[in-house]
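Novice:
Numbering (this note's numbering), first residue to last: 973 to 1354.
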């Protein structure tokens, strides 16, 4: 059964361009809202970034904060531990502020920890095996972490929990343990292989200013993504619709109801009054990485992405490719590739989006990526 479309009760209708600019502002993707900050502050503002590819998540932070460098992001993750990488919304890997990780886990962890029961059964992970394995993972990592997946499998085997490392059973068990708040990702090994650590050892004693409530989650979502719909909130969080609806209801005192394309959408109260247009003719252009939350934060992307570009952004395999975004609208794709003694950026803009100001903005973004990575990055020749 599909979701029921919410009919608008609002007396304010927002045009597409205005809705997209408001979303870009909320996501810190305009010159007005992209400012100097720290990785954890940015992640609190946008309620995390999807991070199955951590380098992509790091580039997502660059797009939202001036003066950040890759070394700053790595230090925040490994040394300061002010940000944490673990499984959260939609049951996928995210990087979030350390002070947010526990209340987010309290809300979404149980939903996804109990999901995939059929797949788990195929992998030999029944309830008894999972319970025993989760407990063992906590003890092992507290005693000997950080450990890679294969090292952890070996340790589990020593306590009579046998997992075939050639299957997905180990990663499913680790993810389930993470969703239960037992572990999270730790530092990568020099070869890039991820490790796992005990969450309480890695970020001990971190408390949040946010309480683990559905209205708080909804409020944080609409602060970062509004104007957005109830269906968008459910798709972003992965929560069942009854829980998403309850969260929205509890957050409504802080939200304003508006209409987009005849559908009810929500944004923080005061969001329309605080909105102001940027200087005419100066595009807010950002090179967003693969799997960026701006594209994954909504049930549908057709407001921001044409059908042709949608096919280019998602060409199979579940991969969401990097996007060129101007004032919240996707106008092209790009990729970062290795070349001799440097990296190159290949940009493909839609014909109607080309122009001197856009090209200048692309060059500024490429220069900023070079600064962020700390290595030469140039634009590939057409």
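C-beta: ideal position from N, C-alpha, C; glycine also.
Excluding the 5 residues flanking residue 1217 on each side, which residues of the same chain have their C-beta closer than 7 Å to its C-beta?
Specialist: As a first step, residue 1217 must be located in the chain shown, where it is residue number 245. Excluding sequence neighbours, residue 1217 sits near 1202.
Novice: Could you check if residue 1241 is buried or exposed, using at least 16 other CB atoms within 10 Å of its CB as the buried criterion?
Specialist: As a first step, residue 1241 is located in the chain shown; it is residue number 269 there, counting from the start. When all chains shown are included, residue 1241 counts as exposed.
Novice: Counting only beta-carbon separations shorter than 8 Å, does residue 1264 have a partner in chain B?
Specialist: You won't find chain B in this structure, because it holds only one protein chain.
Novice: Using CA coordinates, which residue listed in 1097, 1214, 1348 is at the minimum distance from residue 1312?
Specialist: As a first step, residue 1312 is located in the chain shown; it is residue number 340 there, counting from the start. Comparing Cα positions, the closest option is 1348.
Novice: Which one or two residues does DSSP pair with residue 1140 in a beta bridge?
Specialist: The count along the chain shown starts at 1 and reaches residue 1140 at position 168. Bridge partners of residue 1140: none, in fact.
Novice: For the alpha helix (DSSP H) that residue 1092 lies in, which residues bound it at each end?
Specialist: To locate residue 1092, count along the chain shown from 1; it is residue 120. Residue 1092 -> alpha helix (DSSP H) spans 1089-1094.
Novice: Report the option in 1106, 1191, 983, 1092 whose CA atom is closest to the CA atom of residue 1131.
Specialist: Counting from one through the chain shown, the residue named residue 1131 turns up at place 159. Selected option, being the one with the closest Cα: 1106.
Novice: Whose C-beta lies closer than 7 Å to the C-beta of residue 1038 among residues of the same chain, with five residues either side of it excluded?
Specialist: Here residue 1038 is taken as the residue at index 66 of the chain shown, counted from 1. Closer than 7 Å at Cβ, skipping near neighbours: 1006, 1007, 1008.
Novice: From residue 1079 to residue 1353, what distance separates their C-alpha atoms?
Specialist: Within the chain shown, residue 1079 is the residue found at index 107, counting from 1. Within the chain shown, residue 1353 is the residue found at index 381, counting from 1. Cα-Cα distance, rounded: 48 Å.
Novice: Do three or more CB pairs link the region 987-1000 to the region 1166-1173 at distances below 8 Å?
Specialist: At 8 Å Cβ cutoff, the stretches do not touch.
Novice: Taking the alpha-carbon of residue 1030 as reference, which of 1261, 1340, 1268 has the nearest alpha-carbon?
Specialist: Stepping through the chain shown from its first residue, residue 1030 is reached at position 58. For the residues 1261, 1340, 1268, the minimum Cα distance to residue 1030 belongs to 1261.
Novice: Checking 8 Å against the spacing of the C-beta atoms, do residue 1111 and residue 1344 come in under that value?
Specialist: The count along the chain shown starts at 1 and reaches residue 1111 at position 139. The count along the chain shown starts at 1 and reaches residue 1344 at position 372. Against a cut-off of 8 Å, the Cβ pair of residue 1344 and residue 1111 comes out as no contact.
Novice: Quick check on residue 1238: does DSSP put it in helix, strand or coil?
Specialist: Here the question's residue 1238 lines up with position 266 in the chain shown. In the structure shown, residue 1238 sits in a strand (DSSP, three-state: E or B).
Novice: Per DSSP, which one or two residues make a beta bridge with residue 1024?
Specialist: On the chain shown, residue 1024 is found 52 positions in, with the first residue counted as 1. According to DSSP, which records beta bridges pairwise, residue 1024 is partnered with nothing at all.
Novice: For residue 1109 and residue 1156, which I take to be in contact (beta-carbon distance under 8 Å), what is that distance rounded to the nearest angstrom?
Specialist: Taking the first residue of the chain shown as position 1, residue 1109 is located at position 137. Taking the first residue of the chain shown as position 1, residue 1156 is located at position 184. Actually they do not touch by this definition, with Cβ atoms about 11 Å apart.
Novice: Would you mind reading off the limits of the beta strand (DSSP E) that contains residue 1133?
Specialist: For the purposes of this step, residue 1133 is taken as the residue at position 161 of the chain shown. That residue, residue 1133, is in no beta strand (DSSP E); it is neither H nor E in DSSP.
Novice: Among residues of its own chain, excluding the 5 on either side of residue 1219, which ones have a beta-carbon nearer than 6 Å to its beta-carbon?
Specialist: Stepping through the chain shown from its first residue, residue 1219 is reached at position 247. Once the five neighbours on either side are set aside, the close Cβ partners of residue 1219 are 1186, 1187, 1189, 1190.
Novice: Out of 1221, 1026, 1000, point me to the one whose CA is closest to residue 1018's CA.
Specialist: Taking the chain shown and counting its residues from 1, one reaches residue 1018 at position 46. When only C-alpha atoms are compared, the closest one is 1000.
Novice: Nearest-angstrom Cα distance between residue 1103 and residue 1225?
Specialist: The residue you call residue 1103 lines up with position 131 of the chain shown. The residue you call residue 1225 lines up with position 253 of the chain shown. Each residue's Cα considered, the two are about 40 Å apart.
Novice: Pick helix, strand or coil for residue 1002, following the three-state DSSP scheme.
Specialist: Counting from one through the chain shown, the residue named residue 1002 turns up at place 30. If DSSP states are grouped into helix, strand and coil, residue 1002 belongs with coil.
Novice: For residue 1299, write down the residues that DSSP places opposite it in a beta bridge.
Specialist: Within the chain shown, residue 1299 is the residue found at index 327, counting from 1. According to DSSP, which records beta bridges pairwise, residue 1299 is partnered with nothing at all.
Novice: Below 8 Å on the Cβ atoms is my contact criterion, and I expect residue 1360 with residue 1116 to pass it. Report the Cβ-Cβ distance as a whole number of Å.
Specialist: No answer is possible for residue 1360: the residues shown for the chain start at 973 and end at 1354.
Novice: Output the distance between the C-alpha atoms of residue 1197 and residue 1164, rounded to the nearest integer angstrom.
Specialist: Reading the chain shown from its first residue, position 225 is the one you call residue 1197. Reading the chain shown from its first residue, position 192 is the one you call residue 1164. Answer to the nearest angstrom: the Cα atoms are 32 Å apart.
Novice: DSSP puts residue 1055 in a beta bridge; with which residues?
Specialist: Walking along the chain shown from the start, residue 1055 turns up at place 83. DSSP, once it has assigned bridges, lists 1069 as partnering residue 1055.
Novice: Can you tell me whether residue 976 is buried or exposed? The criterion is at least 16 other CB atoms within 10 Å of its CB, across all chains shown.
Specialist: One-based indexing of the chain shown puts residue 976 at position 4. Only weak support exists for where residue 976 lies, its pLDDT of 47 falling under 50; the coordinates are left without a value.
Novice: If we ignore side chains and look at the alpha-carbon of each, how far apart do residue 1291 and residue 1273 end up?
Specialist: Numbered from 1 along the chain shown, position 319 holds the residue referred to as residue 1291. Numbered from 1 along the chain shown, position 301 holds the residue referred to as residue 1273. Taking the straight line joining both Cα atoms gives about 15 Å.
Novice: Going by DSSP in three states, residue 1341 sits in which element: helix, strand or coil?
Specialist: By 1-based counting over the chain shown, the position of residue 1341 is 369. If DSSP states are grouped into helix, strand and coil, residue 1341 belongs with the helices.
Novice: Quick one: what does DSSP say residue 1309 is sitting in, helix, strand or coil?
Specialist: Against the chain shown, residue 1309 aligns to sequence position 337. Residue 1309 falls in the strand class under three-state DSSP.
Novice: Within 10 Å of its beta-carbon, does residue 1058 have 16 or more other beta-carbons around it, so buried, or fewer, so exposed?
Specialist: In the chain shown, the residue the question calls residue 1058 occupies position 86. Per the 10 Å Cβ criterion, buried.
Novice: Please work out which residues of its chain come closer than 6 Å, Cβ to Cβ, to residue 1149, disregarding the five sequence neighbours upstream and downstream, and give them in chain order.
Specialist: Taking the first residue of the chain shown as 1, we reach residue 1149 at position 177. Excluding positions up to five away in sequence, the list reads 1106, 1109, 1155.
Novice: Since residue 1259 is in the beta strand (DSSP E), which residue starts that stretch and which ends it?
Specialist: By one-based count along the chain shown, residue 1259 stands at place 287. First-last of the beta strand (DSSP E) with residue 1259: 1257-1260.
Novice: Let's see if you can read the secondary structure: which residues bound the beta strand (DSSP E) around residue 1168?
Specialist: Stepping through the chain shown from its first residue, residue 1168 is reached at position 196. Counting along the chain, the beta strand (DSSP E) containing residue 1168 begins and ends at 1167-1170.
Novice: Residue 1307 to residue 1319, Cα distance in whole Å?
Specialist: On the chain shown, residue 1307 is found 335 positions in, with the first residue counted as 1. On the chain shown, residue 1319 is found 347 positions in, with the first residue counted as 1. One C-alpha to the other measures close to 7 Å.
Novice: Would DSSP call residue 1320 helix, strand or coil?
Specialist: Taking the first residue of the chain shown as position 1, residue 1320 is located at position 348. Residue 1320: strand per DSSP, three-state reduction.
Novice: Between the alpha carbons of residue 1195 and residue 1232, how many angstroms are there, rounded?
Specialist: By 1-based counting over the chain shown, the position of residue 1195 is 223. By 1-based counting over the chain shown, the position of residue 1232 is 260. In a straight line, the C-alpha of residue 1195 is about 17 Å away from that of residue 1232.
Novice: Using 8 Å as the threshold, is the C-beta distance between residue 1302 and residue 1276 below it?
Specialist: Counting from one through the chain shown, the residue named residue 1302 turns up at place 330. Counting from one through the chain shown, the residue named residue 1276 turns up at place 304. Yes, the Cβ-Cβ distance between residue 1302 and residue 1276 is below 8 Å.
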